[in-house]
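Here the structure is laid out as structure tokens; the discussion comes afterwards.
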Amino acid sequence: MSCIAVIGAGYVGLTTAVCLAHLGHQVHCTDVVADRIATLRSGMTPNVEEGLGELLRQGLASGRLLFSTDNIEAVRNAEFTFLCVPTPQGDDGRADMSYIEQVATQIGPHLAPDSIVVNKSTVPVGSTRVVERVLQRSDISVVSNPEFLREGSAVHDFLHPDRIVIGADDEGTAMKVSGLFIRTSAPIIATDPATAETIKYASNAFLATKVSFANAIAALCEAAGADVRQVVRAMGYDPRIGSDFLRPGPGWGGSCFPKDTAALVRIAEDVGYDFGLLKGVITVNQEQRARVVAKAIRMAGGSVDGKVVALWGLTFKARTDDLRDSPALDIAQKLSAQGARVRAYDPTVRHSLDNIEICDDPYSACANAEVLIVATEWDELRWLDFAKVGEVMASRTIMDARNLLEPSMLYELGFMYEGIGLA
Ligand code: UDX
Ligand code: UDX
3 MSCIAVIGAG YVGLTTAVCL AHLGHQVHCT DVVADRIATL RSGMTPNVEE GLGELLRQGL
63 ASGRLLFSTD NIEAVRNAEF TFLCVPTPQG DDGRADMSYI EQVATQIGPH LAPDSIVVNK
123 STVPVGSTRV VERVLQRSDI SVVSNPEFLR EGSAVHDFLH PDRIVIGADD EGTAMKVSGL
183 FIRTSAPIIA TDPATAETIK YASNAFLATK VSFANAIAAL CEAAGADVRQ VVRAMGYDPR
243 IGSDFLRPGP GWGGSCFPKD TAALVRIAED VGYDFGLLKG VITVNQEQRA RVVAKAIRMA
303 GGSVDGKVVA LWGLTFKART DDLRDSPALD IAQKLSAQGA RVRAYDPTVR HSLDNIEICD
363 DPYSACANAE VLIVATEWDE LRWLDFAKVG EVMASRTIMD ARNLLEPSML YELGFMYEGI
423 GLA
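Position in the sequence shown (from 1) plus 2 gives the number in my numbering.
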């Protein structure tokens, strides 16, 4: 068992702290937002994440999991300090390292001798050196240990990782960090820091490439009269391609793909490589959101000015409450700019949002709507009473941006239906 500090209790930091405590370690997790710490101390999770609440309460009950706003106290006796503070996308697309540098400056003088700082945050290649410089401690090792957590399955992904990547300057340090995860029995990839940081960006950029490829093929299918669902299904049977991350949709969003693809283009540019392929992946993603908006406007008769548009789903994907860089919000803002009155339902969203009327149930969101857009693949939306949906809408028109619903059932109920990539 090791003594661990986790700085930052967000989507990544909280999962890291709770799961490391579950693996038997003594964990002290901090955050600058006192309310978030109070919520966690009460045994409640601030974000929707399957399985996290139970492990949080187990950790609190066992005494292996502490929460506070005191970074200095947390690191004082820690053998390992995980940095899980944001690395948001800067205006120029580069990752903003200011939070990490601020925290490193603060904790540098207080870290336990010979302890190890672990960069969990997705940071630009070379950031491990930046943290080393800021810490100004020759006895402290800084390693990169990128996270591969998907929101909605973060606990599973942490406890059953496909691989553990550790970027360290010496093997002894890498072995110490890999020992923390020994109970996950995952393959360990011990390499240098720059390679570890590149593995993270390359992995996310490739997944985003697969999704953008599926979206581009969907556009081709619409023009060629093919069915993208069957195209990607058949592609997926080839194990070299695989079926995951080939589902067409409104474009990818979230706190990772957009930030990490933009950062990787800049990282490449900074070392003299023009990453044209990845720029194309990003362009397709922006076009995809505009395609959904154009379809909805066409289906509403060529204009949505002064009309109600219903939107089901606001989060960037199902099984999370995360709205960060959600395509659904982008689509809502574009429709609002065209004069539409956007009424939205999402099972995890109750607070108000600019230019969007939040409804408590999916049916009231459809009241007098000229068109309904399905933007997030919440499973509950598939089992609704569509006869009732048709009765409350001004026009029985559905633009299904996730190919979530069953077209034949809707045609029988008199709906006009369009999906993504369907003939
Ligand atoms: C963040 C980064 O966005 C991601 O790239 C990295 O891999 C892990 O950290 P996430 O956990 O989703 O991912 O961010 P967020 O949910 O915003 O959580 C960050 C937390 O850190 C917030 O709760 C924030 O209050 C806290 N924080 C921020 C600190 O505790 N100290 C700071 O100085 C800044
Ligand atoms: C991603 C990576 O999967 C994870 O490994 C990394 O650690 C963090 O970034 P996450 O951002 O939670 O995880 O979401 P993910 O499940 O990857 O989906 C990203 C976006 O792609 C979402 O907007 C999702 O709706 C979209 N997507 C995904 C598709 O449109 N089609 C697909 O087939 C898969």
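C-beta atoms are modelled at their ideal positions from N, C-alpha and C, and glycine is treated no differently. Note that this is a predicted model, so its numbers are computed, not measured.
Below 8 Å on the Cβ atoms is my contact criterion, and I expect residue i with residue j to pass it. Report the Cβ-Cβ distance as a whole number of Å.
{"i": "S117", "j": "I142", "result": "6 Å"}
{"i": "T421", "j": "I219", "result": "Note on identity: in this sequence residue 421 is Gly, with Thr being the wrong assignment. The Cβ separation is near 14 Å, so there is no contact."}
{"i": "R170", "j": "A192", "result": "For the sequence presented, residue 170 should be read as Ala rather than Arg. Indeed, because the Cβ distance is near 7 Å, the residues count as touching under 8 Å."}
{"i": "T83", "j": "I109", "result": "7 Å"}
{"i": "V127", "j": "T200", "result": "5 Å"}
{"i": "D262", "j": "A207", "result": "7 Å"}
{"i": "Y13", "j": "D324", "result": "7 Å"}
{"i": "G95", "j": "A264", "result": "4 Å"}
According to the Cβ coordinates, are residue i and residue j closer than 9 Å?
{"i": "S146", "j": "K202", "result": "yes"}
{"i": "W385", "j": "A346", "result": "no"}
{"i": "L161", "j": "L58", "result": "no"}
{"i": "L316", "j": "A298", "result": "no"}
{"i": "V35", "j": "L85", "result": "no"}
{"i": "A210", "j": "V283", "result": "yes"}
{"i": "A114", "j": "R78", "result": "yes"}
{"i": "I333", "j": "P252", "result": "yes"}
{"i": "S366", "j": "N287", "result": "no"}
{"i": "A403", "j": "V294", "result": "yes"}
{"i": "L68", "j": "T47", "result": "no"}
{"i": "H27", "j": "R66", "result": "yes"}
{"i": "G392", "j": "R326", "result": "no"}
{"i": "P250", "j": "V230", "result": "yes"}
{"i": "C361", "j": "V394", "result": "no"}
{"i": "L266", "j": "A204", "result": "yes"}
{"i": "T186", "j": "I166", "result": "yes"}
{"i": "I9", "j": "N73", "result": "yes"}
{"i": "L383", "j": "L407", "result": "yes"}
{"i": "G61", "j": "A23", "result": "yes"}
{"i": "I400", "j": "M418", "result": "yes"}
{"i": "K319", "j": "G53", "result": "no"}
{"i": "A236", "j": "A425", "result": "no"}
Compare the C-alpha of residue i against each of the options and name the closest.
{"i": "I269", "options": "V87, D98, F84 and P48", "result": "D98"}
{"i": "D159", "options": "V167, E149 and I184", "result": "E149"}
{"i": "R321", "options": "T350, V273 and I191", "result": "T350"}
{"i": "L182", "options": "L54, S205, V230 and C5", "result": "C5"}
{"i": "H30", "options": "A367, S70, Q60 and V127", "result": "S70"}
{"i": "A339", "options": "Y13, A296 and K319", "result": "A296"}
{"i": "V310", "options": "S328, F277 and S397", "result": "S397"}
{"i": "Y101", "options": "E75, D33, G95 and R165", "result": "D33"}
{"i": "P163", "options": "S140, G174 and A188", "result": "A188"}
{"i": "Q104", "options": "P409, V136, A264 and M401", "result": "V136"}
{"i": "M301", "options": "K319, I375, E173 and D272", "result": "I375"}
{"i": "F247", "options": "D194, A216, V87 and V373", "result": "A216"}
{"i": "V373", "options": "R291, A19 and S305", "result": "S305"}
{"i": "M177", "options": "A63, K336, M411 and V120", "result": "V120"}
{"i": "L151", "options": "R343, S257 and G303", "result": "S257"}
{"i": "D356", "options": "N49, K336, P364 and D363", "result": "K336"}
{"i": "A377", "options": "D240, G274, N405 and S354", "result": "N405"}
{"i": "Q91", "options": "G303, T18, S180 and V125", "result": "V125"}
{"i": "F388", "options": "A19, Y413 and E379", "result": "Y413"}
So the beta strand (DSSP E) residue i belongs to, where does it begin and stop?
{"i": "L374", "result": "A371 to V376"}
{"i": "V120", "result": "I118 to N121"}
{"i": "G169", "result": "I166 to G169"}
{"i": "A401", "result": "Checking the sequence, you will find Met at residue 401 rather than Ala. Taken as a continuous stretch (DSSP letters only), the beta strand (DSSP E) holding M401 covers T399 to D402."}
{"i": "S143", "result": "S143 to S146"}
{"i": "Y275", "result": "Per DSSP, Y275 belongs to no beta strand (DSSP E) and is neither H nor E."}
{"i": "M418", "result": "M418 to E420"}
Tell me the DSSP bridge mates of residue i?
{"i": "T175", "result": "Looking at the DSSP assignment, T175 forms no beta bridge with any residue, so it has no partner."}
{"i": "R345", "result": "A312 and E359"}
{"i": "I9", "result": "T32 and L85"}
{"i": "F69", "result": "C31"}
{"i": "I191", "result": "V167"}
{"i": "Q2", "result": "Missing from the structure shown is residue 2; the chain here goes from 3 to 425 and no further."}
In terms of residues, what are the limits of the alpha helix (DSSP H) holding residue i?
{"i": "Q232", "result": "V230 to G238"}
{"i": "V14", "result": "Y13 to H24"}
{"i": "I74", "result": "N73 to R78"}
{"i": "T200", "result": "P195 to A226"}
{"i": "E103", "result": "S100 to I109"}
{"i": "I184", "result": "Counting along the chain, I184 falls outside any alpha helix (DSSP H), and DSSP gives it neither H nor E."}
{"i": "I158", "result": "The sequence shown places His at residue 158, rather than the Ile named in the question. Per DSSP, H158 belongs to the alpha helix (DSSP H) from A156 to L161."}
{"i": "L410", "result": "The residue you asked about is not Leu; residue 410 is Ser in the sequence shown. Here the alpha helix (DSSP H) through S410 covers P409 to E414."}
{"i": "P364", "result": "P364 to A367"}
{"i": "Q335", "result": "P329 to A339"}
{"i": "G55", "result": "L54 to S64"}
{"i": "R135", "result": "S129 to L137"}
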